[in-house]
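Worksheet for the structure shown next.
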Amino acid sequence: MRRLTRPGPAPRPSPASLREPDRPGNLPAELNGFIGRHDELAALARQLESARLVTLTGLGGVGKSRLARHAAGILQDRFCDGVWLVELASLREPHLLDHTVAEALGATGHSGRPVRSALCDLLADRDLLLVLDGYEHLVDACAELTGQLLRRAPGLQVLAAGRRPLGLDGERTVPLAPMSTADATALFADRAAAVVPGFTVGPADETAVTELCERLDGIPLALELAAGRLRALSVDQVLQRLDDRFRLLTGTRPRSSPELPAALGQGGPPSRIPAPLRQGGPPPRHQTLRTAIGWSHELCTPEERLLWARLTVFAGHFDLEAAEYVCSGPELPSDELLDILTELVTQSVLVREETAAGVRYRMLDTVRAYGAGWLAATPDGERLRRRHRDWYLGLATWCELDWFSSRQAEIAARIEAELPNLRVALEQSLETPADTHLGQYLAGTLWFYWVGCGRLSEGRHWLDRALELEGTHDEARMKALWVAGYVAVLQGDTVGALGALQECRDEAERTGNATAAAYALHRTGCLALVCDDMPRAEKLLRAALDRYREIGELNSNVLLGQVELAMAVAFQGELADAVRMCEDVLEVCEEHGERWTLAYAQYVLAFAAWSRGDGGRARALLEECLAIDHTFHDLLGAVLAIELLALVTLGEGDAEEAAVLQGAAGRIWPSVGLPLFGSRHFNQPHARCEEQARERLGAERYEHCRRMGERLDLDAAVARVLRPAGLLPAQRRTVRIAAPDTHEPAASPSASGGETAG
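Letter 86 of the sequence shown, counting from 1, is numbered 70 in the numbering used here, and no numbers are missing.
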């Protein structure tokens, strides 16, 4: 039985045994104190001890997400394979549910297999807790997926948090009511102290605070919104204003929709809730939450209300530049929008966050739904959605051009942050027949993200959808075709690749599109490379490079074509020519600041160095290659580097570590596609390493070490290889795993003399 208790210190493992990696998971740390809910935590604990699917239900804003995450954090030491959070609130398309779950589990990648099958296989022998948060708008799709995963994975346990149960057999529900008055008061006081330093609930305002919490019915979101108003008001003033808004919301008949645009722009009272939000008779507590949000809405200026409504076209996060383009207009001048947006942040309508892509903003789901109701009642929604799509088309175009520069890492982070909005733009384009070409163009333009950042599976999804539709712009379709062929090549789908690339070549010849013809020829050569036809690969790749020179094309794709040609030449024994070609690539990469293609050039140079017996040079190149691949989350580049590093490590005399690295690579390949493309040339280092490691260790010891490697995810495998500067190679394994609840590295097996893999 798993008990919901805080873990004590775990024992340090023996240095003489193979050390397991740190427990995986993606549960974020809590940023502020968790208040109250002791009875609810106990009830949740009882259900989790006996049920594999437990669903936490309740109205929006009642604290389901926070309670589920807090409980999962306490439980995480009970699951060997960790606790994994899947946030679904910003996902609008049910058909992307499998991709989203795979992404949260770190299982996205290049595989051509159906994502659900890959998920079932991934979880089949795992012992983990999956937390599904905010699924209510995807309940049917989520129930189907959850049921299938639970049937296929006996060690899987699911904690779901949503407004309704999933409706599956064996499901246990824990309804979450509003907080008790005591807990609500404690929560309000804690959040108020964050807004007004030194705030405490003293005798003078105790009665007012208690009344405020009771009138807000103990709903955490409402309490936090009220606490935020203490920036400008006293507790008594907040209570007085809230009292007025309660009367308006419960005693006034809804206004008709034609009055809404004026109310939106001129500051109508929050009782003017749009008809879409009032139909269906929400329960009293739901209206109480609307009271809190409507009151916050009423305190906004007309310009702030208008921006609130318009910002609901964004999915997930957005940045200031996007908001200025999409939401500005005569009523909201772009040069004033920053000030208005800042006020929405101050009033807790928007949340400001620091991310790898810079400062970004987001709305709580319930706040967005409220504003979306206002927007839906105006004729402005379709225009804003088109502007949203146009902004992200432009963003993708700029990022593709800027990918061939020193800003590649910045571009990767930017597209990663914008993925929810790019999905909306793709969906918008592909659902509108007149805009099909825009969807094809966008899916093709994002090739650098699908290929370079480990997203081939999702890229193939959008490309296939786009190519199923007939567009009126040949150029957009041809781009989608060669990118689809490229994706299929890397996934090991020979038939799919040939079909897309041949169609692209035929259409390019018909229309005289020299650029599309060059790309189709290039990717056909790449297909020959992974299919072991080296003479044909060399011929096609040389022809493609000639065409690129004729049309003046130079970018990461063109450089990668030269690297692929070098690989084909190296596999035919011409190492000197391969080295020369890759050194030319390094010079161009250095000139332009290009890093992604540079990593592949370093892989070929490392292969050549290993072939010449220079293991030290090979390791140095592969470590830098792996560091770059990991930066971009390029699974293909990373797993190729790890495979060759295993052989280099074997040559250094460490057969156990070589076997561990082969196991780590084996775990990654299912997310990439066909292992080593099914190619005897690419498989040569792997086969040689396995044969010699088995001979040195014995079959039983080799398998033991390899299984240990299979427990390393990509992050752990990379950390294992990329030791801090100054450590000797034999010490590299001490960096990977610290003993539980300490910051000290575990003892090195090599140093201890134990016959282990670390």
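Built from N, CA and C at the ideal position, the CB exists for glycine as well. Quantities reported herein were computed from a predicted structural model and do not represent experimental measurements.
Just the C-alpha distance for residue 262 and residue 357, rounded to the nearest angstrom, thanks.
One-based indexing of the sequence shown puts residue 262 at position 278. One-based indexing of the sequence shown puts residue 357 at position 373. Only weak support exists for where residue 262 lies, its pLDDT of 35 falling under 50; the value from the coordinates is given anyway. Each residue's alpha carbon lies about 10 Å from the other.
From residue 126 to residue 349, what distance separates their C-alpha atoms?
Translated into the one-based positions of the sequence shown, residue 126 becomes position 142. Translated into the one-based positions of the sequence shown, residue 349 becomes position 365. Cα to Cα, residue 126 sits roughly 18 Å from residue 349.
Within 8 Å, do at least three Cβ pairs link the segment 167 to 177 to the segment 72 to 89?
no
DSSP on residue 224, reduced to helix/strand/coil?
Your numbering for residue 224 matches position 240 in the sequence shown. If DSSP states are grouped into helix, strand and coil, residue 224 belongs with the helices.
How many angstroms separate the CA atom of residue 40 from the CA atom of residue 157?
One-based indexing of the sequence shown puts residue 40 at position 56. One-based indexing of the sequence shown puts residue 157 at position 173. For residue 40 and residue 157, the distance between alpha carbons rounds to 6 Å.
Starting from residue 367, trace the beta strand (DSSP E) in both directions and tell me its first and last residue.
Residue 367 sits at position 383 when you count from the first residue of the sequence shown. Segment 365 to 387 is the alpha helix (DSSP H) holding residue 367; no beta strand (DSSP E) there.
Should residue 405 be labelled buried (16 or more other beta-carbon atoms within 10 Å of its own) or exposed?
Here residue 405 refers to the residue found at position 421 when the sequence shown is read from its first residue. Looking at its Cβ environment, which holds 16 or more other Cβ atoms inside 10 Å, residue 405 is buried.
What is the C-beta distance between residue 110 and residue 153, in whole angstroms, given that I count them as a contact (C-beta under 8 Å)?
Counted from its first residue, the sequence shown places residue 110 at position 126. Counted from its first residue, the sequence shown places residue 153 at position 169. Contact doesn't hold; Cβ gap of about 22 Å is too wide.
8 Å Cβ cutoff met for residue 481 and residue 493
In the sequence shown, residue 481 corresponds to position 497, counting from 1. In the sequence shown, residue 493 corresponds to position 509, counting from 1. In this structure, residue 493 does not lie closer than 8 Å to residue 481 by Cβ.
Once the 5 residues before and after residue 643 are set aside, which same chain residues still bring their CB inside 6 Å of it?
To locate residue 643, count along the sequence shown from 1; it is residue 659. Same-chain partners within the cutoff: 677, 686, 689, 690.
Given 8 Å, three or more beta-carbon pairs between the segment 606 to 618 and the segment 558 to 573
no
Have a look at 364, 329, 332 and flag the residue whose alpha-carbon is nearest the alpha-carbon of residue 315.
The sequence position of residue 315 within the sequence shown is 331, counting from 1. Of the listed residues, the one whose Cα sits closest to residue 315 is 364.
Give a single yes or no on whether residue 455 has its beta carbon closer than 7 Å to a heavy atom of the ligand SAH.
The ligand content of the structure shown is nil, which means the ligand SAH is not present either.
Does DSSP put residue 476 in a helix, a strand or coil?
Taking the first residue of the sequence shown as 1, we reach residue 476 at position 492. In the structure shown, residue 476 sits in coil (DSSP, three-state: anything other than H, G, I, E or B).
Alpha-carbon spacing of residue 469 relative to residue 208, whole angstroms:
In the sequence shown, the residue the question calls residue 469 occupies position 485. In the sequence shown, the residue the question calls residue 208 occupies position 224. Answer to the nearest angstrom: the Cα atoms are 51 Å apart.
Tell me the residue span of the alpha helix (DSSP H) that contains residue 578.
Here residue 578 refers to the residue found at position 594 of the sequence shown. Premise fails: residue 578 is in no alpha helix (DSSP H) and is neither H nor E.
When the Cα of residue 567 is compared with those of 588, 556, 580, which residue comes out closest?
For this step, residue 567 is matched to residue 583 along the sequence shown. The shortest Cα separation from residue 567 among 588, 556, 580 belongs to 588.
Under the rule that 16 or more other beta-carbon atoms within 10 Å means buried, what is residue 627, buried or exposed?
Within the sequence shown, residue 627 is the residue found at index 643, counting from 1. The residue is buried, with at least 16 neighbouring Cβ atoms inside 10 Å.
Buried or exposed: residue 34, going by 16 or more other Cβ atoms within 10 Å of its Cβ?
Counting from one through the sequence shown, the residue named residue 34 turns up at place 50. Burial call: exposed.
To which residues does DSSP link residue 743 through a beta bridge?
This structure cannot speak to residue 743, because the chain is shown only from -15 to 742.
Spatial neighbours of residue 737 within its chain, please: CB distance less than 6 Å, with the 5 preceding and 5 following residues excluded, ordered by chain position.
For the purposes of this step, residue 737 is taken as the residue at position 753 of the sequence shown. Confidence at residue 737 is low in this model, with a pLDDT of 33, below 50, so its placement is unreliable and the value that follows should be read with caution. Contacts found: none.
Would you mind reading off the limits of the beta strand (DSSP E) that contains residue 67?
Taking the first residue of the sequence shown as position 1, residue 67 is located at position 83. Segment 67 to 71, the beta strand (DSSP E) holding residue 67.
Does residue 535 pass the burial test, meaning 16 or more other C-beta atoms within 10 Å, or should it be called exposed?
Looking up residue 535 in the sequence shown gives position 551. That one is exposed.
Smallest Cα separation from residue 339: which of 300, 80, 431?
Working through the sequence shown from its first residue, we reach residue 339 at position 355. Closest by alpha carbon: 300.
Apply the 10 Å Cβ neighbour rule to residue 135 and answer buried if 16 or more other Cβ atoms are within range, or exposed otherwise.
As a working mapping, residue 135 is identified with position 151 in the sequence shown. It counts as exposed.
For residue 432, does the three-state DSSP call read helix, strand or coil?
Numbered from 1 along the sequence shown, position 448 holds the residue referred to as residue 432. Correct three-state label for residue 432: helix.
Does the beta-carbon of residue 583 have 16 or more other beta-carbons within 10 angstroms, so that it is buried, or is it exposed?
The residue you call residue 583 lines up with position 599 of the sequence shown. By the neighbour-count rule (16 or more Cβ atoms within 10 Å), residue 583 is buried.
Report yes if the CB atom of residue 424 is closer than 8 Å to the CB atom of residue 378, and no otherwise.
Taking the sequence shown and counting its residues from 1, the one referred to as residue 424 is at position 440. Taking the sequence shown and counting its residues from 1, the one referred to as residue 378 is at position 394. Not in contact: residue 424 and residue 378 (Cβ atoms no closer than 8 Å).
With distance defined between alpha-carbon atoms, name the residue in 336, 563, 636, 206 nearest to residue 277.
Taking the sequence shown and counting its residues from 1, one reaches residue 277 at position 293. Comparing Cα-Cα distances from residue 277 to each of 336, 563, 636, 206, the minimum goes to 206.
In this structure, does DSSP put residue 37 in helix, strand or coil?
Against the sequence shown, residue 37 aligns to sequence position 53. Strand.
Under 8 Å between C-beta atoms of residue 552 and residue 511
Indexing the sequence shown from 1 puts residue 552 at position 568. Indexing the sequence shown from 1 puts residue 511 at position 527. No, these two residues do not count as a Cβ contact at 8 Å.
Is it right to say residue 655 is buried, meaning 16 or more other beta carbons lie within 10 angstroms of its own, or is it exposed?
Stepping through the sequence shown from its first residue, residue 655 is reached at position 671. It is buried - the Cβ of residue 655 has at least 16 other Cβ atoms within 10 Å.
What are the boundary residues of the beta strand (DSSP E) that includes residue 326?
In the sequence shown, counting from the first residue as 1, residue 326 sits at position 342. That residue, residue 326, is in no beta strand (DSSP E); its alpha helix (DSSP H) goes 318 to 330.
Can you tell me which of 498, 514, 82 puts its alpha carbon nearest to the alpha carbon of residue 533?
Numbered from its first residue, the sequence shown carries residue 533 at position 549. Residue 498 is the option with its Cα nearest to residue 533.
Ordered along the chain, which non-local residues of its own chain (more than five positions away) have a Cβ less than 7 Å from that of residue 386?
As a first step, residue 386 must be located in the sequence shown, where it is residue number 402. Hits under 7 Å: 395.
Of the listed residues 116, 351, 31, nearest to residue 50 (C-alpha basis):
Here residue 50 is taken as the residue at index 66 of the sequence shown, counted from 1. Nearest C-alpha to residue 50: 116.
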